[in-house]
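Single-structure report; data block below.
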Amino acid sequence: MDGAPKLARLLEHPAIWRGRSAARLEVLPSGFAALDERLPGGGWPRSGLIEILIARFGSGELYLLLPALAALTRATEARWCVWVAPPLMPFAPALATAGLALDRIAVVGGARPLWAFEQVLGSGACDAALAWARQPKPRELRRLQLAAERGRTMGVLFRPRSAARETSPAVLRLALTPLASGVRVTLLKGRGSDRGTIELVWPPGAPGRLQV
Amino acid sequence: MALLPIPGARAADEAMPAAHVVPLRALASPQLPNAPARELWAGVHLPTSVPATTLQRLALRAEAYTPRVSLEPPDGLLLEVKGSLHLFAGAAGLRLAVTDECRRLGMPSIVALAPTPRAALALARAGRSHAVLEMSALTGALAPLPLAALRWPEDILGRLARSGVRTIGAALRLPRSGFARRFGAAQLATLDALTGRIPELRDAFRVPLRFRRRRELTCELENHTAILAALAPLCAELGTFLRARQCGVLELECRLGHRHSPPTRCLMRLAAPATDAHRLAELLGERLAALTLPEPVRDCELRSEALVLHRPDCLHLWQPGEHGGGLLSSEASGLIERLRARLGDEAIYGLMLREGHRPEAAWGKTAPPSISAGSRTPPGHEPLRSHRRPLWLLPSPQPLPVEDGLPRRRGPLLLIGEPERIETGWWDGGEIARDYYTATDRGGVRLWVFREREAPHGWFLHGVFG
Chain A
0 MDGAPKLARL LEHPAIWRGR SAARLEVLPS GFAALDERLP GGGWPRSGLI
50 EILIARFGSG ELYLLLPALA ALTRATEARW CVWVAPPLMP FAPALATAGL
100 ALDRIAVVGG ARPLWAFEQV LGSGACDAAL AWARQPKPRE LRRLQLAAER
150 GRTMGVLFRP RSAARETSPA VLRLALTPLA SGVRVTLLKG RGSDRGTIEL
200 VWPPGAPGRL QV
Chain B
0 MALLPIPGAR AADEAMPAAH VVPLRALASP QLPNAPAREL WAGVHLPTSV
50 PATTLQRLAL RAEAYTPRVS LEPPDGLLLE VKGSLHLFAG AAGLRLAVTD
100 ECRRLGMPSI VALAPTPRAA LALARAGRSH AVLEMSALTG ALAPLPLAAL
150 RWPEDILGRL ARSGVRTIGA ALRLPRSGFA RRFGAAQLAT LDALTGRIPE
200 LRDAFRVPLR FRRRRELTCE LENHTAILAA LAPLCAELGT FLRARQCGVL
250 ELECRLGHRH SPPTRCLMRL AAPATDAHRL AELLGERLAA LTLPEPVRDC
300 ELRSEALVLH RPDCLHLWQP GEHGGGLLSS EASGLIERLR ARLGDEAIYG
350 LMLREGHRPE AAWGKTAPPS ISAGSRTPPG HEPLRSHRRP LWLLPSPQPL
400 PVEDGLPRRR GPLLLIGEPE RIETGWWDGG EIARDYYTAT DRGGVRLWVF
450 REREAPHGWF LHGVFG
């Protein structure tokens, strides 16, 4: 009869702990419904380290993040979105077209990207931070994860595909493979989420979509 | 004590014939004409244009004549000299002394004295070095001056000139309400301040505060930690100094003196006014660690640039990043300073759009995003550009090998869609004529490539779509 609402209320009890909702994450919708369904909590985690593993630079990894970054930078109380040691120059007109507010974006260049990334994550001044790293040590990753939680920052670290075999303290790990007009997302790790593969197609008119 | 109207005075006022009141008194001072002026202002006009710093230097020197000095940029200075007239042999003596002061700084000047600051300045700017000591003589002295001396906007002066009003006297004779309606309330307020009808409050010039302390060391130091420890008392002193004045520093210089070599200088620029001595000491430590010293250090000195008023942050109920919590300027500026101290001043920057069709000229680096705390208005939606642009741009186009007229990069590239022609920049030497294509390589990575329109029609890689 009315068992379901009662059960739901019972499960709300703080003493009851369930695996799937373990983290009670504060999340940010990714902008892709199919992806949100599979991500723990229904979106990108607002704080913590996300690892995105890509075989090659330019596999569609940024298009996956752009809707979320646009929402973050356009918020009234937006903090910064910092790009740490990007391999090429982020092209401002394309970012503006994708809806990002440029007055909330900062780029950190130069040597020592991991140190800078940790400073950025832990500062509390950023909503999101992106970094590109070749081979961070497990200890450094742990520090990055702790810094991201301390600063309540969504830290995105792009790493090569080969890192999939290593363990990582990241909240979420994804691997990407580019498709003709989309991307295949493989969930490698997520708190309370199942693993699996999702094929995303960029919606028509989205910046990632090819015009053929 | 309440002020009661004096019956006799009121009667005299009412008995005054109306015809007497209309023209000149329409705008003139309500003070009794024979009342002694409460203030006397010396207006200094510098006919040659001077930089703001020279005006400040003059203001510093002018403090020898009176404690009340006020700046009127770009070329005026006001001194309230009522109290100090007798020290300088009266109005003539004082005027001479101030003129001499300007001449010593290499500037010609015109000095006029009047009971209101605006009148003194107007006289000086009109080139009359009069000394009007009484309120009663003020309107008469001002009347023949051209209106240009008041520095009103050009269009208002033009409109007044077209209606035959060219002097201050003529303007004073106009009816008040009509004047305010036709020429603006601000202009009427100037006239009121000119004649002393309403008192004008002027901001006093204050000498910019600086911090400067030096410390001789008892022995020569080489170790960075020891030097930092020797600087600690100076930093603590700076902290107390700043706290007492509710000010912060934006620029701080640390000088380390040696026996033979010139002193080593270490300049710190801060992103926001800093007041916390601990934080300053930490930043100083970062900077000193990067320094190489030619010789052991014998003495150290801390110097600040002009202090700025510090407004502490409001604290939020929410943590930053929590629902409702925004950016705290202390955190943002702390981040900028830490990155700059370790990686150099150019380490962090923001992005901006530029007007330009050339991809390389369509963006630029700018200062890091503003660190103002609190809410802001989110930007409106940018007009959607019709052209596709990659998310990444190469610093300069990279030539691609060509096979059968088609570009290659780790295998042949597949060109997609119609080309976009960009042909511009002929006027500044950066002329380009290119056909841009989107291409995918074997790994599925999408690239932005172009073919030059000029011979030899080379192919170049210019961007990556991300």
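These protein sequence lines map, in sequence, to chains A and B.
Quick note on numbering: numbering that gives the first Met the number 0 labels position 47 of the first sequence as 46, and the sequence is numbered without any gaps.
Quick note on numbering: numbering that gives the first Met the number 0 labels position 96 of the second sequence as 95, and the sequence is numbered without any gaps.
Cβ atoms here follow ideal geometry from the backbone N, Cα and C, with glycine treated the same way.
Cβ neighbours of residue i in the same chain (closer than 6 Å, five flanking residues each side left out)
{"i": "phenylalanine 116 of chain A", "result": "Val83 and Ala130"}
{"i": "glycine 168 of chain B", "result": "Ala142"}
{"i": "glycine 98 of chain A", "result": "Ala69"}
{"i": "leucine 251 of chain B", "result": "Met267 and Ser303"}
{"i": "alanine 100 of chain A", "result": "Thr72 and Arg73"}
Sequence-distant residues of the same chain with beta carbon closer than 7 Å to residue i, five excluded per side
{"i": "arginine 201 of chain B", "result": "Ser69, Leu77 and Pro116"}
{"i": "glutamine 30 of chain B", "result": "Note that glutamine 30 of chain B scores 48 on pLDDT, short of 50, meaning its location in the model is unreliable; the coordinates nonetheless yield the value given after this. For glutamine 30 of chain B, where only same-chain residues beyond five positions count, the Cβ hits under 7 Å are Met134 and Gly195."}
{"i": "valine 119 of chain A", "result": "Val81, Val83, Val107, Cys125 and Ala128"}
{"i": "phenylalanine 459 of chain B", "result": "Pro396, Gln397, Pro398, Leu399, Val448 and Phe449"}
{"i": "glutamate 336 of chain B", "result": "Leu269, Ala270 and Leu282"}
{"i": "alanine 33 of chain A", "result": "Ile197 and Leu199"}
{"i": "alanine 346 of chain B", "result": "Leu338 and Arg339"}
Residue i and residue j closer than 8 Å at C-beta
{"i": "alanine 121 of chain B", "j": "leucine 149 of chain B", "result": "yes"}
{"i": "leucine 390 of chain B", "j": "leucine 61 of chain A", "result": "yes"}
{"i": "arginine 254 of chain B", "j": "leucine 233 of chain B", "result": "no"}
{"i": "leucine 65 of chain A", "j": "leucine 27 of chain A", "result": "no"}
{"i": "glutamate 471 of chain B", "j": "arginine 211 of chain B", "result": "No information on residue 471 of chain B is available, as it lies outside the stretch 0 to 465 that chain B covers here."}
{"i": "glycine 89 of chain B", "j": "isoleucine 109 of chain B", "result": "no"}
{"i": "leucine 187 of chain A", "j": "alanine 163 of chain A", "result": "yes"}
{"i": "leucine 137 of chain B", "j": "leucine 39 of chain B", "result": "no"}
{"i": "arginine 124 of chain B", "j": "alanine 41 of chain B", "result": "no"}
{"i": "glycine 123 of chain A", "j": "arginine 151 of chain A", "result": "yes"}
{"i": "leucine 175 of chain A", "j": "isoleucine 49 of chain A", "result": "no"}
{"i": "leucine 52 of chain A", "j": "proline 159 of chain A", "result": "yes"}
{"i": "valine 182 of chain A", "j": "leucine 63 of chain A", "result": "yes"}
{"i": "phenylalanine 182 of chain B", "j": "leucine 146 of chain B", "result": "no"}
{"i": "arginine 209 of chain B", "j": "leucine 306 of chain B", "result": "yes"}
{"i": "phenylalanine 157 of chain A", "j": "valine 463 of chain B", "result": "no"}
{"i": "leucine 342 of chain B", "j": "arginine 111 of chain A", "result": "yes"}
Residue i burial status per 10 Å Cβ neighbour count (16 or more: buried)
{"i": "proline 89 of chain A", "result": "buried"}
{"i": "tryptophan 426 of chain B", "result": "exposed"}
{"i": "glycine 429 of chain B", "result": "exposed"}
{"i": "serine 129 of chain B", "result": "Residue identity differs from the one stated: residue 129 of chain B is histidine in this sequence, not serine. Result: buried."}
{"i": "valine 206 of chain B", "result": "exposed"}
{"i": "arginine 142 of chain A", "result": "buried"}
{"i": "serine 46 of chain A", "result": "buried"}
{"i": "serine 303 of chain B", "result": "buried"}
{"i": "glutamine 144 of chain A", "result": "buried"}
{"i": "threonine 47 of chain B", "result": "exposed"}
{"i": "glycine 195 of chain A", "result": "exposed"}
{"i": "arginine 102 of chain B", "result": "exposed"}
{"i": "alanine 288 of chain B", "result": "exposed"}
{"i": "arginine 388 of chain B", "result": "buried"}
{"i": "alanine 185 of chain B", "result": "exposed"}
{"i": "arginine 8 of chain A", "result": "exposed"}
Proximal residues to residue i (C-beta, below 8 Å), its chain only, five neighbours per side dropped
{"i": "arginine 258 of chain B", "result": "Glu219, Glu294, Pro295 and Arg297"}
{"i": "valine 401 of chain B", "result": "Arg407, Gly457 and Trp458"}
{"i": "leucine 350 of chain B", "result": "Trp362, Gly363, Lys364 and Thr365"}
{"i": "leucine 227 of chain B", "result": "Ala280, Leu283, Gly284 and Leu287"}
{"i": "lysine 5 of chain A", "result": "none"}
At a Cβ cut of 9 Å, what residues of the region 96-110 of chain A count as close to chain B, listed as they run along the chain? Listed by position, the residues of the region 96-110 of chain A near chain B (Cβ gap below 9 Å) are Thr96, Ala97, Gly98, Ala100, Leu101, Asp102, Arg103, Ile104, Ala105, Val106, Val107, Gly108, Gly109 and Ala110.
Segments assigned beta strand (DSSP E), at least 3 residues, entirely inside the region 201-238 of chain B: If only uninterrupted beta strand (DSSP E) runs of at least 3 residues are considered, those enclosed by the region 201-238 of chain B are 211-220.
So if I threshold CB-CB distances at 7 Å, which residues from the region 451-464 of chain B count as touching chain A? Correct list: Gly462, Val463 and Phe464.
Using Cβ-Cβ distances below 8 Å, what residues of the region 47-59 of chain A are close to chain B? Among the residues of the region 47-59 of chain A, those with a Cβ less than 8 Å away from any Cβ of chain B are Ala54, Arg55, Phe56, Gly57, Ser58 and Gly59, in the order of the chain.
Quick one, which residues of the region 174-187 of chain A are near chain B if we go by CB-CB under 8 Å, in chain order? Those would be Thr176, Pro177, Leu178 and Ala179, in chain order.
Can you give, in chain order, each stretch of the alpha helix (DSSP H) that sits fully within the region 41-74 of chain A and has at least 4 residues? 60-73, all fully within the region 41-74 of chain A.
In the region 330-363 of chain B, which residues sit with their C-beta less than 9 Å from some C-beta in chain A, listed in chain order? Going along the region 330-363 of chain B in chain order, one finds Glu330, Ala331, Ser332, Gly333, Leu334, Ile335, Arg337, Leu338, Arg341, Leu342, Gly343, Glu345, Ala346, Ile347, Tyr348, Gly349, Leu350, Met351, Leu352, Arg353, Pro358, Ala361, Trp362 and Gly363 with a Cβ nearer than 9 Å to chain A.
Mind checking the region 435-452 of chain B against chain A and listing, in chain order, the residues whose C-beta falls within less than 7 Å of any C-beta there? Closer than 7 Å at the C-beta level to chain A, one finds these residues of the region 435-452 of chain B: Thr437, Gly442, Gly443, Val444 and Arg445.
Which residue spans inside the region 169-199 of chain B form an unbroken alpha helix (DSSP H) run of at least 4? Within the region 169-199 of chain B, the alpha helix (DSSP H) runs of at least 4 residues that lie entirely inside it are, in chain order, 175-182 and 184-194.
Would you mind listing the beta strand (DSSP E) stretches within the region 251-299 of chain B that are 3+ residues and don't spill past its ends, in chain order? Counting whole runs of 3 or more residues, the region 251-299 of chain B contains the beta strand (DSSP E) stretches 263-273.
Near-chain A residues of the region 414-425 of chain B (beta-carbon distance less than 7 Å), N- to C-terminal order: Listed by position, the residues of the region 414-425 of chain B near chain A (Cβ gap below 7 Å) are Ile415 and Gly416.
Got a sec: which bits of the region 387-416 of chain B sit with their beta carbon under 9 Å from any beta carbon on chain A, in order along the chain? Per Cβ criterion, the list reads Arg387, Arg388, Pro389, Leu390, Trp391, Leu392, Leu393, Pro394, Ile415 and Gly416.
Interface residues of the region 151-171 of chain A facing chain B [CB-CB below 8 Å]: Within the region 151-171 of chain A, the residues whose Cβ lies closer than 8 Å to some Cβ of chain B are Arg151 and Thr152, listed in chain order.
Anything in the region 271-301 of chain B with a Cβ closer than 8 Å to a Cβ of chain A? List those residues in chain order, please. Residues: none.
Go through the region 137-172 of chain A residue by residue and report every complete run of the beta strand (DSSP E) that reaches 3 residues or more, in order. Correct list: 153-159.
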